[in-house]
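> Have a look at the structure that comes next, please.
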RNA sequence: GAGCCCAUAGCUCAGUAGGUAGAGCAUCUGACUUUUAAUCAGAGGGUCGCAGGUUCGAUUCCUGCUGGGCUCACCA
């Protein structure tokens, strides 16, 4: 408790309540600064204590705050029956008045009503924002304690619980009421009776509590006539007064934009959303322990990098003032994780955000979570096995089976997974004889025939991959490892010993989407330098996503990086798969949107 | 970046072949002590996304803008 604070029970009114301080700071501009000055006269004034009125220059209103309220109905500013639009009065109760400052207040009747109730609590010697209750139980603990006991057993045993949660439903019967409380573990009904909690408490409850408020109840568990486990509250306390109403109980919050922008509301009213993010957390925790058990060390490498490397993507730029330099938000952690292989951490992984300054879609958010892991003395072949183990094990843990249904399609993660080469996939899905795919002229004509943008000097390998992505990738159901990527499109990848034009690399495709990308790592510093130089040439020719030269990374390789394999898995897309979510925004708590109008 | 679609009460949605709008839930008043979208009676609540244009008159028609969704392009 902050120094000088008074225990909530002893407060005469809400004056000392820090939460209330914040609340009224919102309404009353601080002395001398009038950012919302033009707005003040339209702001709510109910229950603003007198000292505040004087100190903050809120216009005082005539009559007691709760006096003429009802009488005012029907002559709200701007809605006078006579059609005359009066100047907004200092005591105006306009909800959505447009102030002359242009600021819009969207405090409507419902919000004003709830603020009035908060004041009602204060007038009765309480506070609408106490923090004086410890909570002993969760709704889940209560359910478990009740088990499958019969109503009779339950009442005999008198299991007393105390739970806290948000009221998500309320059914009122005059002298008794049912409320449904939601906490982090679930929902549970509470039954509040006048003869149990006392007349005064009960009347205040009725007058001041709404759906959306956070409350605490204590009492024995029982089962109602309709068979629902319920807390018979003999003590009750409002813990947080919500002054905004929740969406309606039946349809909930549907508007997609509001769901993303106000995820807090989405989480309150749409239980399935909570489950998606619980599962996301479980997936990440599971992967973390899967790798840790295999002796991988979790590390954190820079998100702000002087050179954005490790992937082909456009970076975000930011500015460090004290250093006087521009920095890039990372597009991948790869080059730093490999530095750690050089340093002797032979197995490392990182689960963290990458940032790519590119389009937004159901598959792309500008910041997204990537798992990358690197294992010394392993090859991409080893990582295929590891990936099979990881994802089939994950599916088994989540669903008890390796068979997962995604968007109506059934995917079986049971190993071994199909393996197909890039050229093989083009041959199979494009109906092209595979041997012709080594003919650069044929590749060029095919790409042009598909309407792909073909640069005059495009490498044959680039063309092959473009064709693959056009005709084959989205048709691979998978899970399938696509192998034998051309070296030209794999500038950080080790060359195949027998076929130097081929990279020892695979991508994991599930439902036509890339879930993982892995390869045996290039650790020949001179070859790596030549690959960077080639990338620079591409960049000079206008390829904005070509890699930059990273001299420090090359210096690290020059010290000797053990032979290794590394892999990246897009966590968001993995979570989409395992939560059957059609959009990446459904698995990111706060997806990137344009700023609100 | 392009195309198509959407924006009406706090929420979910109707609607106006151009004459400033309705329902359900929520809110308020009253009744109701085991309900399950509780019920019953009554009341209030809207610059119909924003800005122009056409018109006697625009929430409705037209144009632009803003925000969102989907598809395509780029990417993971």
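Residue numbers (this note's numbering): 1 to 597. Beta carbons: idealized from backbone N, C-alpha and C, even for Gly.
Between which two residues does the beta strand (DSSP E) holding residue 406 run?
Position 406 of the first chain holds residue 406. Here the beta strand (DSSP E) through residue 406 covers 403 to 406.
> Going by the DSSP bridge assignment, what does residue 375 pair with across the sheet?
In the first chain, the residue the question calls residue 375 occupies position 375. In DSSP, residue 375 forms a bridge with 347, 565.
> Just checking my contact of residue 520 with residue 380 at CB under 8 Å: how many whole Å lie between their CB atoms?
Numbered from 1 along the first chain, position 520 holds the residue referred to as residue 520. Numbered from 1 along the first chain, position 380 holds the residue referred to as residue 380. With a Cβ gap of about 5 Å, residue 520 and residue 380 count as contacting.
> Since residue 461 is in the alpha helix (DSSP H), which residue starts that stretch and which ends it?
Here the question's residue 461 lines up with position 461 in the first chain. Looking at the DSSP string, the run of the alpha helix (DSSP H) that includes residue 461 is 460 to 471.
> Given a cut-off of 8 Å, decide if residue 217 and residue 268 are closer than it, judged by their beta-carbon atoms.
Translated into the one-based positions of the first chain, residue 268 becomes position 268. Translated into the one-based positions of the first chain, residue 217 becomes position 217. For residue 268 and residue 217, no; Cβs fall outside 8 Å.
> Pull up the DSSP beta-bridge partners for residue 191, would you.
On the first chain, residue 191 is found 191 positions in, with the first residue counted as 1. Residue 191 pairs with 178, 232.
> Which partner residues of residue 419 appear in the DSSP bridge assignment?
On the first chain, position 419 is the one that residue 419 refers to. Note: residue 419 sits in a beta bridge opposite 481.
> Tell me the rounded alpha-carbon separation between residue 328 and residue 562.
Translated into the one-based positions of the first chain, residue 328 becomes position 328. Translated into the one-based positions of the first chain, residue 562 becomes position 562. Cα to Cα, residue 328 sits roughly 28 Å from residue 562.
> Tell me whether the stretch 444 to 451 and the stretch 533 to 549 touch, counting them as touching only if at least three CB pairs, one residue from each stretch, are closer than 8 Å.
Touching, no.
> Apply the 10 Å Cβ neighbour rule to residue 325 and answer buried if 16 or more other Cβ atoms are within range, or exposed otherwise.
Within the first chain, numbered from 1, the residue matching residue 325 stands at position 325. Residue 325 should be labelled exposed.
> Use the C-beta contact count for residue 251: other C-beta atoms within 10 angstroms, 16 or more gives buried, fewer gives exposed.
As a position in the first chain, residue 251 is number 251, starting the count at 1. Per the 10 Å Cβ criterion, exposed.
> When burial is assigned at 16 or more other CB atoms within 10 Å of the CB, is residue 97 buried or exposed?
Looking up residue 97 in the first chain gives position 97. Bear in mind that the predicted position of residue 97 carries a pLDDT of just 34, short of 50, making it unreliable; the figure below should be weighed with that in mind. Answer is buried; the Cβ neighbour count reaches 16.
> What are the boundary residues of the alpha helix (DSSP H) that residue 492 is part of?
Residue numbering aside, residue 492 sits at position 492 when the first chain is read from its first letter. No alpha helix (DSSP H) contains residue 492, which DSSP labels as neither H nor E.
> Is the beta carbon of residue 392 less than 8 Å from the beta carbon of residue 402?
Here residue 392 refers to the residue found at position 392 of the first chain. Here residue 402 refers to the residue found at position 402 of the first chain. Yes, the pair counts as a contact, with Cβ atoms nearer than the cut-off.
> By Cβ distance, which residues of its chain are closer than 8 Å to residue 300, with the 5 residues on each side in sequence left out?
Position 300 of the first chain, counted from the start, is the residue given in the question as residue 300. Excluding residues within five positions, the ones whose Cβ falls inside 8 Å are 350, 352.
> Starting from the Cα of residue 587, find the closest Cα among 507, 221, 330, 578 and give me that residue.
As a working mapping, residue 587 is identified with position 587 in the first chain. When only C-alpha atoms are compared, the closest one is 578.
> Is the beta carbon of residue 460 sitting closer than 8 Å to the one on residue 479?
Here residue 460 refers to the residue found at position 460 of the first chain. Here residue 479 refers to the residue found at position 479 of the first chain. No; because the gap between Cβ atoms is not below 8 Å, this pair is not in contact.
> Could you give the C-beta distance for residue 233 and residue 190, rounded to a whole number, given that I count them as a contact under 8 Å?
The residue you call residue 233 lines up with position 233 of the first chain. The residue you call residue 190 lines up with position 190 of the first chain. Between residue 190 and residue 233 the Cβ distance is about 5 Å, and since that is below 8 Å, they are a contact.
> Can you tell me which of the three DSSP states residue 383 falls into?
Counting from one through the first chain, the residue named residue 383 turns up at place 383. Here residue 383 sits in helix by DSSP.
> Can you tell me where the alpha helix (DSSP H) holding residue 219 begins and where it ends?
Within the first chain, numbered from 1, the residue matching residue 219 stands at position 219. Residue 219 -> not in any alpha helix (DSSP H); beta strand (DSSP E) instead, spanning 214 to 223.
> If you run the structure through DSSP and keep just helix, strand and coil, what is residue 518?
Counting from 1 along the first chain, the entry for residue 518 is found at position 518. Of the three classes helix, strand and coil, the one that applies to residue 518 here is strand, per DSSP.
> Between residue 502 and residue 421, what straight-line distance do the alpha-carbon atoms span, to the nearest angstrom?
The residue given as residue 502 occupies position 502 in the first chain. The residue given as residue 421 occupies position 421 in the first chain. The alpha-carbon atoms of residue 502 and residue 421 are separated by roughly 11 Å.
> Closer than 7 Å by C-beta to residue 414: which residues in its own chain qualify, once you throw out the five before and the five after it? Chain order, please.
If you number the first chain from 1, residue 414 lands on position 414. Correct list, in chain order: 392, 402.
> Just how far apart, CA to CA, sit residue 231 and residue 245?
Translated into positions along the first chain, residue 231 becomes position 231. Translated into positions along the first chain, residue 245 becomes position 245. Cα to Cα, residue 231 sits roughly 25 Å from residue 245.
> Starting from residue 170, trace the beta strand (DSSP E) in both directions and tell me its first and last residue.
Counted from its first residue, the first chain places residue 170 at position 170. Taken as a continuous stretch (DSSP letters only), the beta strand (DSSP E) holding residue 170 covers 160 to 172.
> Three-state secondary structure (DSSP) at residue 528?
Numbered from 1 along the first chain, position 528 holds the residue referred to as residue 528. Helix at residue 528.
> Hey, how far is the Cα of residue 222 from the Cα of residue 146?
Numbered from its first residue, the first chain carries residue 222 at position 222. Numbered from its first residue, the first chain carries residue 146 at position 146. If I take the Cα positions, the gap works out to 9 Å.
> Under 8 Å by Cβ, that's how I've got residue 275 and residue 288 pegged, so tell me the actual separation to the nearest angstrom.
Here residue 275 refers to the residue found at position 275 of the first chain. Here residue 288 refers to the residue found at position 288 of the first chain. Residue 275 to residue 288, Cβ: 20 Å. No contact.
> Measuring only the C-alpha atoms, how far is residue 256 from residue 372?
Numbered from 1 along the first chain, position 256 holds the residue referred to as residue 256. Numbered from 1 along the first chain, position 372 holds the residue referred to as residue 372. If you take the alpha carbons of residue 256 and residue 372, they lie about 32 Å apart.
> Which residues does DSSP pair with residue 425 in a beta bridge?
Taking the first chain and counting its residues from 1, the one referred to as residue 425 is at position 425. In DSSP, residue 425 forms no bridge with anything.
> Could you have a look at residue 591 and say whether DSSP puts it in helix, strand or coil?
The count along the first chain starts at 1 and reaches residue 591 at position 591. In the structure shown, residue 591 sits in coil (DSSP, three-state: anything other than H, G, I, E or B).
> Starting from residue 121, trace the alpha helix (DSSP H) both ways and give me its first and last residue.
Translated into the one-based positions of the first chain, residue 121 becomes position 121. Residues 109 to 123.
> On the premise that residue 506 lies in contact with residue 518, defined as a C-beta separation below 8 Å, what is that separation, rounded to the nearest angstrom?
In the first chain, the residue the question calls residue 518 occupies position 518. In the first chain, the residue the question calls residue 506 occupies position 506. Their Cβ separation, rounded to whole angstroms, is 6 Å, which keeps residue 518 and residue 506 in contact under 8 Å.
> Excluding five sequence neighbours on each side, which residues of the same chain lie with their C-beta closer than 6 Å to the C-beta of residue 311?
One-based indexing of the first chain puts residue 311 at position 311. Here the set comprises 331, 332.
> Identify whether residue 330 lies in helix, strand or coil by the three-state DSSP scheme.
Counting from 1 along the first chain, the entry for residue 330 is found at position 330. Three-state result, residue 330: coil.
> Does residue 613 pass the burial test, meaning 16 or more other C-beta atoms within 10 Å, or should it be called exposed?
In the structure displayed, the chain extends from 1 to 597; residue 613 sits before or after that span and is not available.
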